[in-house]
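Novice: Below is the structure I would like to discuss, written out as structure tokens.
See the structure below:
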């Protein structure tokens with residue numbers, strides 16, 4: 250049974266970053282777009298045959314899952330895309346219209362399979378304690394929470410001037426600790442998420458039970474009360490609903506964020522919204538930090554009609570692999586069973602996990 254996981258500050262959803270991918274999956278006209286990345290690109294270290302992993306060896310699970318060549322031909326990836334694409338989605342807690350500061354309060358990685366086709370989305374806990382590379386020489390920082398890797402890489406901090414800025418340092422941290430190598434990133438702040446939901450006319454969600462986001466003390470922000478039944482949510486309302494956490498735990502919050510993502514997907518596929526998606530993407534282009542090009546968004550868009558509901562899966566790191574603790578400064582952290590988490594992530598990268606979602610799948 251899942252237990253409550255404490256949080257020190259209000260968390261922002263990664264729904265907006267994932268929403269960018271969902272918008273692309275429903276937009277079939279982007280093939281005419283340019284191939285230039287929309288933001289600073291990633292540049293992960295090159296792996297060599299003798300290079301050891303930073304933390305613990307990778308489980309052989311992923312290698313065993315790779316099929317051996319056969320005499321039958323392998324189908325070409327759909328839509329001119331690669332066999333698979335790994336996209337890092339970041340929900341930044343920056344409340345301004347820029348990406349100079351802010352923590353990555355929610356972190357998700359989407360594995361897009363152009364062969365099956367399928368999309369799997371993995372939620373990574375922001376408080377997991379990790380090694381943060383490439384800043385120790387100047388600031389003496391070697392470890393921190395996963396969300397701090399994004400913070401230290403942001404240009405406003407001045408800690409890191411490597412490729413990709415905040416998303417780049419977070420990507421390098423995922424690679425160094427979990428051998429999770431992403432190809433692209435998309436970061437979204439609060440204001441941009443609100444704009445995305447409002448641009449499609451709001452979203453509709455059915456709640457099987459009430460969700461109470463009212464304050465439990467004078468330090469808690471009022472997120473509102475949502476009774477059982479149908480709800481039409483504006484961008485601001487969807488943001489408040491997605492940020493509720495005091496009533497249960499971070500895992501339940503992930504479930505609510507998934508509900509918002511699924512509702513947004515349904516709205517994007519509706520006949521009245523679908524023709525307006527090119528204009529929506531154009532209007533949001535300068536408000537989202539990403540290194541995906543419009544042509545790559547077009548590849549994702551083309552995949553949308555082929556994607557069956559059961560092949561859009563959401564998963565998270567099992568709570569039994571995470572142990573609550575404190576760092577030397579007394580801050581709350583999650584200590585992970587690194588070997589087990591790396592083995593699970595290797596399966597995610599190989600496309601063998603999740604086979605069924607541990608969170609609600611989209612209808």
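Numbering (this note's numbering), first residue to last: 250 to 612. Each residue gets a CB set at the ideal place from its N, CA and C atoms; glycine is no exception. No experiment lies behind these values; they were computed from the predicted model shown.
#1: I'd like the span of the beta strand (DSSP E) that includes residue 338, first residue to last.
#2: Note down, in chain order, each residue of its chain lying with its Cβ closer than 7 angstroms to the Cβ of residue 603, except the 5 sequence neighbours on either side.
#3: Name the one or two DSSP bridge partners that residue 401 has.
#4: Which runs of the alpha helix (DSSP H) spanning at least 4 residues fall entirely within the stretch 486-526, listed in chain order?
#5: So what's residue 438 in DSSP terms, helix, strand or just coil?
#6: Within the stretch 519-602, note down every full alpha helix (DSSP H) run reaching 4 residues or more, in order along the chain.
#7: Using CA atoms only, rank isn't needed, just tell me which of 585, 488, 593, 598 is closest to residue 379.
#8: Could you tell me whether the Cβ atoms of residue 402 and residue 408 are closer together than 9 angstroms?
#9: Are residue 473 and residue 442 close, meaning C-beta to C-beta below 9 angstroms?
#10: Using 8 angstroms as the cut-off, can you tell me whether the stretch 423-443 makes contact with the stretch 334-342, which would need three or more C-beta pairs spanning the two stretches below that distance?
#11: Excluding five sequence neighbours on each side, which residues of the same chain lie with their C-beta closer than 6 angstroms to the C-beta of residue 597?
#12: Go through its chain and collect everything with a Cβ distance to residue 578's Cβ below 7 angstroms, but skip five positions before and after it.
#13: Put residue 468 into one of helix, strand or coil per three-state DSSP.
#14: With DSSP collapsed to three states, give me the class of residue 348.
#15: Could you check the C-alpha separation between residue 502 and residue 461 for me, to the nearest Å?
#16: Is residue 582 closer than 9 angstroms to residue 381 when the C-beta atoms are compared?
#17: Taking DSSP as the reference, what is the three-state secondary structure of residue 478?
#18: By alpha-carbon positions, which one of 555, 605, 567, 580 ends up nearest to residue 366?
#19: Kindly examine the ligand MG and report whether one of its heavy atoms sits closer than 8 angstroms to the Cβ of residue 464.
#20: Is the distance from the Cβ of residue 509 to the Cβ of residue 544 below 9 angstroms?
#21: When you compare only the Cα positions, how much space is there between residue 289 and residue 422?
#22: The beta strand (DSSP E) that contains residue 393, what's its start and end?
#23: Excluding sequence positions up to five away, which residues of its chain have a Cβ less than 6 angstroms from the Cβ of residue 572?
#24: Nearest CA to the CA of residue 419: which residue from 393, 440, 465?
#25: What number of angstroms, rounded off, separates the C-alpha of residue 350 from the C-alpha of residue 398?
#26: What do you get for residue 542, buried or exposed, if any count of 16 or more other CB atoms within 10 angstroms of its CB means buried?
#27: By Cβ distance, which residues of its chain are closer than 7 angstroms to residue 384, with the 5 residues on each side in sequence left out?
#28: Give the secondary structure of residue 293 by DSSP, where H, G and I count as helix, E and B as strand, and everything else as coil.
#29: Taking the beta strand (DSSP E) that residue 360 belongs to, which residues open and close that run?
#30: Given a threshold of 16 other Cβ atoms within 10 Å of its Cβ, counted over all protein chains shown, does residue 576 qualify as buried or as exposed?
#31: Report the rounded CA-to-CA distance for residue 352 versus residue 415, giving the unit in angstroms.
#32: According to DSSP, which residues form a beta bridge with residue 379?
#33: Give the single residue among 600, 547, 593, 569 whose Cα lies nearest to the Cα of residue 329.
#34: State yes or no: is the C-beta of residue 536 within less than 9 angstroms of the C-beta of residue 468?
Specialist: The short version:
#1: Position 89 of the chain shown, counted from the first residue, corresponds to residue 338. That run of the beta strand (DSSP E) goes 333-341.
#2: The sequence position of residue 603 within the chain shown is 354, counting from 1. Cβ within range, chain order: 369, 562, 564.
#3: The residue you call residue 401 lines up with position 152 of the chain shown. Partner(s): none; residue 401 has no beta bridge.
#4: 499-517
#5: Locating residue 438 in the chain shown gives position 189, counting from the first residue. It is coil, neither helix nor strand.
#6: 526-533, 543-552, 587-599
#7: The sequence position of residue 379 within the chain shown is 130, counting from 1. Residue 585 is the option with its Cα nearest to residue 379.
#8: Residue 402 sits at position 153 when you count from the first residue of the chain shown. Residue 408 sits at position 159 when you count from the first residue of the chain shown. Yes.
#9: Working through the chain shown from its first residue, we reach residue 473 at position 224. Working through the chain shown from its first residue, we reach residue 442 at position 193. Not a contact, by the Cβ cut-off of 9 angstroms.
#10: yes
#11: Numbered from its first residue, the chain shown carries residue 597 at position 348. Cβ neighbours of residue 597 beyond the five flanking positions: 371.
#12: For the purposes of this step, residue 578 is identified with residue 329 of the chain shown, where counting begins at 1. Nothing meets the Cβ criterion.
#13: One-based indexing of the chain shown puts residue 468 at position 219. In this structure, residue 468 counts as coil in the three-state DSSP scheme.
#14: In the chain shown, the residue the question calls residue 348 occupies position 99. Note: residue 348 maps to coil in three-state DSSP.
#15: The residue you call residue 502 lines up with position 253 of the chain shown. The residue you call residue 461 lines up with position 212 of the chain shown. So the two alpha carbons sit approximately 12 angstroms from each other.
#16: Residue numbering aside, residue 381 sits at position 132 when the chain shown is read from its first letter. Residue numbering aside, residue 582 sits at position 333 when the chain shown is read from its first letter. For residue 381 and residue 582, no; Cβs fall outside 9 angstroms.
#17: Start at 1 with the first residue of the chain shown, and residue 478 comes out as number 229. Looking at residue 478 - three-state DSSP - the assignment turns out to be strand.
#18: Within the chain shown, residue 366 is the residue found at index 117, counting from 1. Checking every option, the nearest Cα to that of residue 366 belongs to 555.
#19: Of ligands this structure carries none, so the ligand MG is not represented either.
#20: Position 260 of the chain shown, counted from the first residue, corresponds to residue 509. Position 295 of the chain shown, counted from the first residue, corresponds to residue 544. It is not a contact, given that the beta carbons lie outside the stated cut-off.
#21: Here residue 289 refers to the residue found at position 40 when the chain shown is read from its first residue. Here residue 422 refers to the residue found at position 173 when the chain shown is read from its first residue. Cα to Cα, the separation comes out at about 17 angstroms.
#22: As a first step, residue 393 is located in the chain shown; it is residue number 144 there, counting from the start. 392-394 is the extent of the beta strand (DSSP E) around residue 393.
#23: Stepping through the chain shown from its first residue, residue 572 is reached at position 323. For residue 572, where only same-chain residues beyond five positions count, the Cβ hits under 6 angstroms are 584.
#24: Position 170 of the chain shown holds residue 419. The shortest Cα separation from residue 419 among 393, 440, 465 belongs to 393.
#25: Residue numbering aside, residue 350 sits at position 101 when the chain shown is read from its first letter. Residue numbering aside, residue 398 sits at position 149 when the chain shown is read from its first letter. Those two C-alpha atoms are separated by around 12 angstroms.
#26: The residue you call residue 542 lines up with position 293 of the chain shown. Looking at its Cβ environment, which holds 16 or more other Cβ atoms inside 10 Å, residue 542 is buried.
#27: Numbered from 1 along the chain shown, position 135 holds the residue referred to as residue 384. 390, 401, 408, 409, listed in sequence order.
#28: Along the chain shown, read from residue 1 onward, the residue named residue 293 stands at position 44. Three-state result, residue 293: coil.
#29: As a first step, residue 360 is located in the chain shown; it is residue number 111 there, counting from the start. From DSSP, the beta strand (DSSP E) with residue 360 extends over 353-362.
#30: Within the chain shown, numbered from 1, the residue matching residue 576 stands at position 327. So residue 576 ends up on the exposed side.
#31: On the chain shown, position 103 is the one that residue 352 refers to. On the chain shown, position 166 is the one that residue 415 refers to. Their Cα atoms are separated by approximately 9 angstroms.
#32: Counted from its first residue, the chain shown places residue 379 at position 130. Answer is 393.
#33: By one-based count along the chain shown, residue 329 stands at place 80. It is 547 whose Cα lies nearest to the Cα of residue 329.
#34: The sequence position of residue 536 within the chain shown is 287, counting from 1. The sequence position of residue 468 within the chain shown is 219, counting from 1. No; because the gap between Cβ atoms is not below 9 angstroms, this pair is not in contact.
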